[in-house]
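Student: Can you read through this structure? Questions will come right after.
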Amino acid sequence: MSKNFNEVLKQRELNEKKEEKVMSLDSTERIKVLSPGQLVFKRFINNKLAIVGSVILIVMFLFSFICPLIYPYSQTQIFYKYDDSIIDYAQAVERTDYVITYAEGAEELSYKVKNYLTLNINSLKSSGEKEMLINGADGNNYRLEANEDHVYTLYKNDMEKVASISSAVKYGEYKMLGKELTLEAGVEEVAGFDAALEKAIKAKEKEFSAGGKSFSLVQNKKVYTIMLAGEGISYEGKKLSTEFEDAFNANAEGGSFEFAGDTYRVAKEGEDSVAYKLGNETKVALLTNYVIDAVVSGTTLSNEFQNAAIEALIGNKTFSADGKNFTVKNENGELSIYDDDNSEMPYSIISTHVIRRYNGEDTIDIALKEKIREVVAKMDEEGELTSTFEWELAQVNSEGEYTYDADGNLIKQPRTFTVKNKNGSYVLSVAQVVYLIDTFAKPTAQHWVGTDGDGMDVLARMMYGGRVSLIFSFIVIFIETFLGIILGGVAGYFGGWVDNLIMRMVDVFYCIPSMPILIILGSLFDALKLKPYIRVGWLMIVLGVLGWAGVARMVRGQILSLREQEFMVATEAVGLRTKRRIFKHLIPNVMPQLIVTATSGLGGIIITESTLSYLGLGVKHPLATWGTMISSVSSAEAMKAYTYIWIPVGLLICLTVVAFNFVGDGLRDAFDPKMKR
Amino acid sequence: MANDDVLKNVNEDDILVVRDLKKYFPIGKNFFGKPSGYVKAVDGVSFAIKRGTTMGLVGESGCGKSTTGRTILRLQDKTSGDVLFNGKEVFDLTKDELRKARTDIQIIFQDPFSSLSPRLPVGEIIGEGVREHGIVSNDEFDDYITRIMKACGLQEYHKDRYPHEFSGGQRQRICIARALALNPEFIVCDEPVSALDVSIQAQIINLLKDLQKEFNLTYLFISHDLSVVEHISDTVGVMYLGNMVEYSDTEELFSNPLHPYTKALFSAIPVPDPNVKINRIILEGSIPSPANPPSGCKFHTRCSECMGMCSKVAPEYREIKEGHFVACHLYNTDEMNAKINAEIEKMDKEAETEAQKADK
Numbered sequence: 001m002s003k004n005f006n007e008v009l010k011q012r013e014l015n016e017k018k019e020e021k022v023m024s025l026d027s028t029e030r031i032k033v034l035s036p037g038q039l040v041f042k043r044f045i046n047n048k049l050a051i052v053g054s055v056i057l058i059v060m061f062l063f064s065f066i067c068p069l070i071y072p073y074s075q076t077q078i079f080y081k082y083d084d085s086i087i088d089y090a091q092a093v094e095r096t097d098y099v100i101t102y103a104e105g106a107e108e109l110s111y112k113v114k115n116y117l118t119l120n121i122n123s124l125k126s127s128g129e130k131e132m133l134i135n136g137a138d139g140n141n142y143r144l145e146a147n148e149d150h151v152y153t154l155y156k157n158d159m160e161k162v163a164s165i166s167s168a169v170k171y172g173e174y175k176m177l178g179k180e181l182t183l184e185a186g187v188e189e190v191a192g193f194d195a196a197l198e199k200a201i202k203a204k205e206k207e208f209s210a211g212g213k214s215f216s217l218v219q220n221k222k223v224y225t226i227m228l229a230g231e232g233i234s235y236e237g238k239k240l241s242t243e244f245e246d247a248f249n250a251n252a253e254g255g256s257f258e259f260a261g262d263t264y265r266v267a268k269e270g271e272d273s274v275a276y277k278l279g280n281e282t283k284v285a286l287l288t289n290y291v292i293d294a295v296v297s298g299t300t301l302s303n304e305f306q307n308a309a310i311e312a313l314i315g316n317k318t319f320s321a322d323g324k325n326f327t328v329k330n331e332n333g334e335l336s337i338y339d340d341d342n343s344e345m346p347y348s349i350i351s352t353h354v355i356r357r358y359n360g361e362d363t364i365d366i367a368l369k370e371k372i373r374e375v376v377a378k379m380d381e382e383g384e385l386t387s388t389f390e391w392e393l394a395q396v397n398s399e400g401e402y403t404y405d406a407d408g409n410l411i412k413q414p415r416t417f418t419v420k421n422k423n424g425s426y427v428l429s430v431a432q433v434v435y436l437i438d439t440f441a442k443p444t445a446q447h448w449v450g451t452d453g454d455g456m457d458v459l460a461r462m463m464y465g466g467r468v469s470l471i472f473s474f475i476v477i478f479i480e481t482f483l484g485i486i487l488g489g490v491a492g493y494f495g496g497w498v499d500n501l502i503m504r505m506v507d508v509f510y511c512i513p514s515m516p517i518l519i520i521l522g523s524l525f526d527a528l529k530l531k532p533y534i535r536v537g538w539l540m541i542v543l544g545v546l547g548w549a550g551v552a553r554m555v556r557g558q559i560l561s562l563r564e565q566e567f568m569v570a571t572e573a574v575g576l577r578t579k580r581r582i583f584k585h586l587i588p589n590v591m592p593q594l595i596v597t598a599t600s601g602l603g604g605i606i607i608t609e610s611t612l613s614y615l616g617l618g619v620k621h622p623l624a625t626w627g628t629m630i631s632s633v634s635s636a637e638a639m640k641a642y643t644y645i646w647i648p649v650g651l652l653i654c655l656t657v658v659a660f661n662f663v664g665d666g667l668r669d670a671f672d673p674k675m676k677r
Numbered sequence: 001m002a003n004d005d006v007l008k009n010v011n012e013d014d015i016l017v018v019r020d021l022k023k024y025f026p027i028g029k030n031f032f033g034k035p036s037g038y039v040k041a042v043d044g045v046s047f048a049i050k051r052g053t054t055m056g057l058v059g060e061s062g063c064g065k066s067t068t069g070r071t072i073l074r075l076q077d078k079t080s081g082d083v084l085f086n087g088k089e090v091f092d093l094t095k096d097e098l099r100k101a102r103t104d105i106q107i108i109f110q111d112p113f114s115s116l117s118p119r120l121p122v123g124e125i126i127g128e129g130v131r132e133h134g135i136v137s138n139d140e141f142d143d144y145i146t147r148i149m150k151a152c153g154l155q156e157y158h159k160d161r162y163p164h165e166f167s168g169g170q171r172q173r174i175c176i177a178r179a180l181a182l183n184p185e186f187i188v189c190d191e192p193v194s195a196l197d198v199s200i201q202a203q204i205i206n207l208l209k210d211l212q213k214e215f216n217l218t219y220l221f222i223s224h225d226l227s228v229v230e231h232i233s234d235t236v237g238v239m240y241l242g243n244m245v246e247y248s249d250t251e252e253l254f255s256n257p258l259h260p261y262t263k264a265l266f267s268a269i270p271v272p273d274p275n276v277k278i279n280r281i282i283l284e285g286s287i288p289s290p291a292n293p294p295s296g297c298k299f300h301t302r303c304s305e306c307m308g309m310c311s312k313v314a315p316e317y318r319e320i321k322e323g324h325f326v327a328c329h330l331y332n333t334d335e336m337n338a339k340i341n342a343e344i345e346k347m348d349k350e351a352e353t354e355a356q357k358a359d360k
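Quick note, the sequences are listed as chains A and B, same order.
Heads up: the first sequence begins at 1 in this note's numbering, then just goes up one per residue.
Heads up: the second sequence begins at 1 in this note's numbering, then just goes up one per residue.
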């Protein structure tokens, strides 16, 4: 070719330029031409819904990313409040076990005896007797003496069993039906018994004798039980005089008598009465269920003091311990111990009720203890189950501290105690100011949307939750779209076996049920105890990898149809490089669909994330997301009660998803040059 | 086929030489992935185009005109034959060489609506090839595009507009500008005006003619519109079912068509005078399937002057007059006829003996 195009055209231009050109008013050249970007933007802002969506999204982003910077609370900050709360304050229980105080020089009791002591004391108490004899299982004999209502002394006594009166024993049975006689095993056969028995039954006599022994009959329907009467006094050793027998018989039901300078005691052992000759006695121990409380709280009472006090209680009422002298006084049935040097107020008081704080501290002052004992005693007496009384208690203020008046005394407030009898233990409950987590607080000036079940500020959590939800959805969509474009583009552009392979992969990914996978992964993450942030990261990757198939299929379809278009043939004819053909011709033509898919997908991912978090598989506490926030009030009752939590959060989810869809639609219309508005 | 004598006068003046070009498309695939048959879209086409001239290629829809055009550009692979451009085999070029050679051969597509990328502004569509091949320096780029556009009847402010904002005629101008911008020597015009209305057609045709004069371009002008072809072409080839049936100078062909198919085509040209009566030759039936073409002369099924031998022996494509080639038994010499008849007799005998064998 002789001439280059460019030169020919330049020449032509030079010739033309000589003519001055005047543009007419309606010349099309005067039309202002917008750049492609401007055109898209202009179309976008002409779309009202798109503008609404954008505004919502901008607000959402400001709310999620900027507001937390100026908002005073963090997402995991827990709020507390001081409030009256009925708490179980203290418990008053009657002491039922007896404390053993060994006498000087006494050996410790064998557990065989110890274990039965409380039982023995109770039976002594119920019998109304002053003393009882105990055949100790350790082989020794003991005498238990009641000193006071709650104080017992145990003596060891070298007793000797002298004689016993045995009562009737079962001899045999006689059945009318078949006239069958059965004798108890090991009884002595008596001559003429059968005849005497028949005679007695015929005569309907209750007693009869045979062979010098007397029998009695007890009829039970058609069966007679034959009892052999006791044989009177039987001696262990040598027989004693009738005087002894008379005295024994007189006291057969228990008691003691003097005979020949010795003291005998009769004890019932089963049906038999046994007479013992008392021997030397040694004091073993004092038993008591009294509790001794110091009046001045915090004073520890030594063992020496306690033992001495109990000794004195049954003795001369005065004792000395820890280098001080004390006196036990009984004032209107209440026992108190006074320090002899200070008789104005009691040093300690003695009672049978243990009064304990539930929180383990012993800060009940003695006056309250006495009041409690009084009330409890009254309830015991009258058989009441509940009772109330007024008392003044110190309360903490809103800073959690006790307040003092000018003189340095605690300021007390009147409170009502409720006492309840629960199986013998008295439980006192009272309203106290307590430091509480401020859960489910209604919206206030401090917490605009209230607090949630963990006492965290809902508004703060909404902001941080939005952050997580938005970042989450963007990253997931990015992963999805990236994988989708690469794989779909490769499949569509190159075709053949590559296309086949990738599309089969897509089919496989379409077949994977994502929910079960996510549920399994959720429990796997739980088992691995992943940190919330790492867990979120993994979740994003998994969702992205599960979601690329749809994008890839769409991109491939688009590219397949575009590849056959004449303009793609034209690019080949023009001799463009493959890279340019893909990025300048294919991708821009796929872009609108891609943007719409991605933007609508953003909303979808927010919903997925919320759903997963709601099911407890996604983002975990304490990281806030909108899903977890709703799931925290997911029961029907909670939903009814805490509308101020889930309605704002649900609204946020709803608005964000709708906004994403609006913007996606707006972008699609704006990108589509054929769209005319 | 004795196509070689068609190209016996080929010299350096011929920018493009096509020798016995065949393009078969496989149809259907059996279980093992082998095609069960072929569509013989181009079945042995030979021609040469002189530099600075226009060759018209006419024929019914589906006769293989466009396939010929596209195969010449190597937009698709050939089945056999040669395409020599400036004496070089196009199909022997490596990928890189081919990409560079693209500047020399360009194509204008039939449909101006689908041949422009909807997402690129016109300036970019025209200019991307220029930039790719470095036709002009970067400083001159904008001016160059403007000049090309003006040469094609477009305005400078059209640069930033998108194809959808243009009418069909303007779009075709854009296509022409895109082809022209690469500074080509040879342009395949694949029915460039068939999608346009008549007034625009004239504009585009005149534009093409002007550009040819100015830049010494060579065109392969594919069309089924004979009037347009007559107007623009220097030589014309007539194709039927993948074969070239007649080829000659435009004047010679239009004044003295030889092939019955060409005659039928020409008789269909409308005459803008209602009083003129023409003895039109109406072709019956439709074009046979190129997958299963008729035996002998492919046209014999629709030919009004069909003879006995037509259905049996394919006619030879030969030069009847100086520069006038035709493939029809009507123009056989006696010598040839005798040879053909002898051949037919032989074939009949063979068929008979075979039939007897089969009977036995």
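Heads up, the beta-carbon is just placed ideally off N, CA and C, and yes, glycines get one too.
Report buried or exposed for A/Leu501, applying the criterion of at least 16 other Cβ atoms within 10 angstroms of its Cβ.
Tutor: Along the first sequence, read from residue 1 onward, the residue named residue 501 of chain A stands at position 501. By the neighbour-count rule (16 or more Cβ atoms within 10 Å), A/Leu501 is not buried but exposed.
Student: Does B/Asp14 have its Cβ less than 9 Å from a Cβ in chain A?
Tutor: As a position in the second sequence, residue 14 of chain B is number 14, starting the count at 1. No, B/Asp14 does not count as interfacial toward chain A.
Student: On the DSSP bridge assignment, give the partners of A/Met639 in chain order.
Tutor: In the first sequence, counting from the first residue as 1, residue 639 of chain A sits at position 639. A/Met639 is not bridged to any residue.
Student: Roughly how many whole angstroms lie between the Cα atoms of A/Gly172 and A/Ser209?
Tutor: Residue mapping note: residue 172 of chain A aligns to position 172 of the first sequence, counting from 1. Residue mapping note: residue 209 of chain A aligns to position 209 of the first sequence, counting from 1. Approximately 14 Å between the Cα atoms of the pair.
Student: Quick check on the DSSP output: what are the complete beta strand (DSSP E) runs of length 3 or more inside the segment 220 to 258 of chain B, in order along the chain?
Tutor: Within the segment 220 to 258 of chain B, the complete beta strand (DSSP E) runs of at least 3 residues are 235 to 240 and 243 to 249.
Student: Would you mind working out which of A/Leu410, A/Lys268, A/Asp88 and A/Val619 sits nearest A/Arg356, comparing C-alpha positions?
Tutor: By 1-based counting over the first sequence, the position of residue 356 of chain A is 356. Checked all of A/Leu410, A/Lys268, A/Asp88 and A/Val619; the closest Cα to A/Arg356 is A/Asp88.
Student: Please identify, using Cβ separations under 9 Å, the residues of the segment 4 to 16 of chain A that lie next to chain B, in order along the chain.
Tutor: From the segment 4 to 16 of chain A, only Asn4, Phe5, Asn6, Val8, Leu9, Lys10, Arg12, Glu13 and Glu16 have a Cβ closer than 9 Å to chain B.
Student: Can you tell me which of the three DSSP states A/Gly522 falls into?
Tutor: Translated into the one-based positions of the first sequence, residue 522 of chain A becomes position 522. A/Gly522: helix per DSSP, three-state reduction.
Student: Output needed for A/Phe319: all residues of its chain with C-beta closer than 7 Å, excluding positions within five of it in sequence on either side, in chain order.
Tutor: Counted from its first residue, the first sequence places residue 319 of chain A at position 319. Result list for A/Phe319: Ala308, Ala309, Glu311, Ala312 and Phe326, in chain order.
Student: Are B/Ala177 and B/Ile135 close, meaning C-beta to C-beta below 9 Å?
Tutor: Start at 1 with the first residue of the second sequence, and residue 177 of chain B comes out as number 177. Start at 1 with the first residue of the second sequence, and residue 135 of chain B comes out as number 135. Cβ distance not < 9 Å, so B/Ala177 and B/Ile135 don't count as in contact.
Student: Whose Cβ in chain B lies nearer than 8 Å to the Cβ of A/His585?
Tutor: Against the first sequence, residue 585 of chain A aligns to sequence position 585. Residues of chain B passing the Cβ test: Ser117, Arg119 and Leu120.
Student: Assuming B/Ala182 contacts B/Val58 (C-beta within less than 8 Å), just tell me the rounded distance between them.
Tutor: Residue 182 of chain B sits at position 182 when you count from the first residue of the second sequence. Residue 58 of chain B sits at position 58 when you count from the first residue of the second sequence. Here the sequence assigns Leu to residue 182 of chain B, which means Ala is not the residue at that position. So it is not a contact: roughly 27 Å between Cβ atoms.
Student: Can you pull the chain A residues whose beta carbon is under 7 Å from the beta carbon of B/Ala177, in chain order?
Tutor: On the second sequence, position 177 is the one that residue 177 of chain B refers to. Ordered by position in chain A, no residue passes the 7 Å Cβ test against B/Ala177, which lies about 11 Å from the chain.
Student: Report the three-state DSSP secondary structure of A/Gln91 (helix, strand or coil).
Tutor: Within the first sequence, the letter at position 91 stands for residue 91 of chain A. DSSP places A/Gln91 in strand when its eight states are reduced to three.
Student: Roughly how many angstroms lie between the CA atoms of A/Arg467 and A/Cys654, to the nearest whole one?
Tutor: Against the first sequence, residue 467 of chain A aligns to sequence position 467. Against the first sequence, residue 654 of chain A aligns to sequence position 654. Roughly 15 Å between the two C-alpha positions.
Student: For B/Ile108, which residues of its own chain have a beta-carbon under 8 Å away from its beta-carbon, when the five flanking residues on both sides are left out?
Tutor: As a first step, residue 108 of chain B must be located in the second sequence, where it is residue number 108. If we look at B/Ile108 and ignore the five residues flanking it on each side, its Cβ neighbours are Gln172, Cys175, Ile176, Ala179, Ile187, Val188, Cys189, Asp190 and Pro192.
Student: Using a Cβ cut-off of 9 Å (strictly closer), state whether B/Tyr144 contacts chain A.
Tutor: Here residue 144 of chain B is taken as the residue at index 144 of the second sequence, counted from 1. Yes, because at least one Cβ of chain A sits closer than 9 Å to the Cβ of B/Tyr144.
Student: Who are the neighbours of B/Phe109 on chain A, taking C-beta pairs under 7 Å?
Tutor: Here residue 109 of chain B corresponds to residue number 109 of the second sequence, with the count starting at 1. Per Cβ cutoff of 7 Å: Glu566 and Ala570.
Student: What is the residue span of the beta strand (DSSP E) that B/Gln106 lies within?
Tutor: Looking up residue 106 of chain B in the second sequence gives position 106. Start and end: Ile105 to Ile108.
Student: Please work out which residues of its chain come closer than 8 Å, Cβ to Cβ, to A/Val291, disregarding the five sequence neighbours upstream and downstream, and give them in chain order.
Tutor: Working through the first sequence from its first residue, we reach residue 291 of chain A at position 291. For A/Val291, where only same-chain residues beyond five positions count, the Cβ hits under 8 Å are Arg95, Ile350, Ser351, Thr352, His353 and Val354.
Student: Please indicate yes or no: does the CB of A/Tyr358 lie closer than 8 Å to some heavy atom of the ligand HEM?
Tutor: Absent from the structure shown: the ligand HEM. Ligands present: none.
Student: Does DSSP classify A/Asn500 as helix, strand or coil?
Tutor: Position 500 of the first sequence, counting from 1, holds the residue named residue 500 of chain A. Note: A/Asn500 maps to helix in three-state DSSP.
Student: Is B/Leu258 closer than 9 Å to B/Val326 when the C-beta atoms are compared?
Tutor: The residue given as residue 326 of chain B occupies position 326 in the second sequence. The residue given as residue 258 of chain B occupies position 258 in the second sequence. A contact, by the Cβ cut-off of 9 Å.
Student: By Cβ distance below 6 Å, which residues in the same chain neighbour B/Gln201 in space, the five residues on each side in sequence not counted?
Tutor: Your numbering for residue 201 of chain B matches position 201 in the second sequence. Here the set comprises Val193.
Student: Please list, in chain order, all residues of the same chain as A/Glu184 whose beta carbon is under 7 Å from its beta carbon, the five residues on each side excluded.
Tutor: Counted from its first residue, the first sequence places residue 184 of chain A at position 184. Lys170, Tyr171 and Gly172, listed in sequence order.
Student: What is the DSSP secondary structure of A/Lys684, reduced to helix, strand or coil?
Tutor: A question about residue 684 of chain A goes unanswered here, because the residues of chain A that appear run from 1 up to 677.
Student: So A/Tyr347 is in the beta strand (DSSP E); what residue range does that whole segment cover?
Tutor: Walking along the first sequence from the start, residue 347 of chain A turns up at place 347. No beta strand (DSSP E) holds A/Tyr347; DSSP gives it neither H nor E.
Student: Contact check, A/Gly604 vs A/Val555 under 8 Å by CB: the rounded distance?
Tutor: By one-based count along the first sequence, residue 604 of chain A stands at place 604. By one-based count along the first sequence, residue 555 of chain A stands at place 555. No, A/Gly604 and A/Val555 are not in contact; Cβ-Cβ is about 18 Å, not under 8 Å.
Student: Could you tell me which chain B residues have their CB closer than 8 Å to the CB of A/Arg577, listed as they occur along the chain?
Tutor: Here the question's residue 577 of chain A lines up with position 577 in the first sequence. Neighbours of A/Arg577 on chain B, chain order: Arg99 and Glu132.
Student: Assuming contact is defined by CB atoms lying nearer than 9 Å, are A/Leu286 and A/Ile100 in contact in what I supplied?
Tutor: Within the first sequence, the letter at position 286 stands for residue 286 of chain A. Within the first sequence, the letter at position 100 stands for residue 100 of chain A. Yes, these two residues count as a Cβ contact at 9 Å.
Student: So is A/Asn589 in contact with chain B if we call contact Cβ pairs under 9 Å?
Tutor: The residue given as residue 589 of chain A occupies position 589 in the first sequence. Answer yes: the Cβ-Cβ gap between A/Asn589 and chain B drops below 9 Å somewhere.
Student: Using the three-state DSSP reduction, which class does B/Arg424 fall into: helix, strand or coil?
Tutor: No statement about residue 424 of chain B is possible, as the shown extent of chain B runs from 1 to 360 and does not include it.
Student: Closer than 7 Å by C-beta to A/Val649: which residues in its own chain qualify, once you throw out the five before and the five after it? Chain order, please.
Tutor: Position 649 of the first sequence, counted from the first residue, corresponds to residue 649 of chain A. Only Met462, Trp626, Met629 and Ile630 meet the Cβ criterion.
Student: Could you name the residues of the same chain whose beta carbon sits closer than 7 Å to that of A/Ser2, not counting the 5 residues immediately before and after it, in chain order?
Tutor: Residue 2 of chain A sits at position 2 when you count from the first residue of the first sequence. Confidence in A/Ser2 is poor, its pLDDT being 48 and thus under 50, which makes the residue's placement unreliable; the coordinate value appears in the next sentence. Excluding positions up to five away in sequence, the list is empty.
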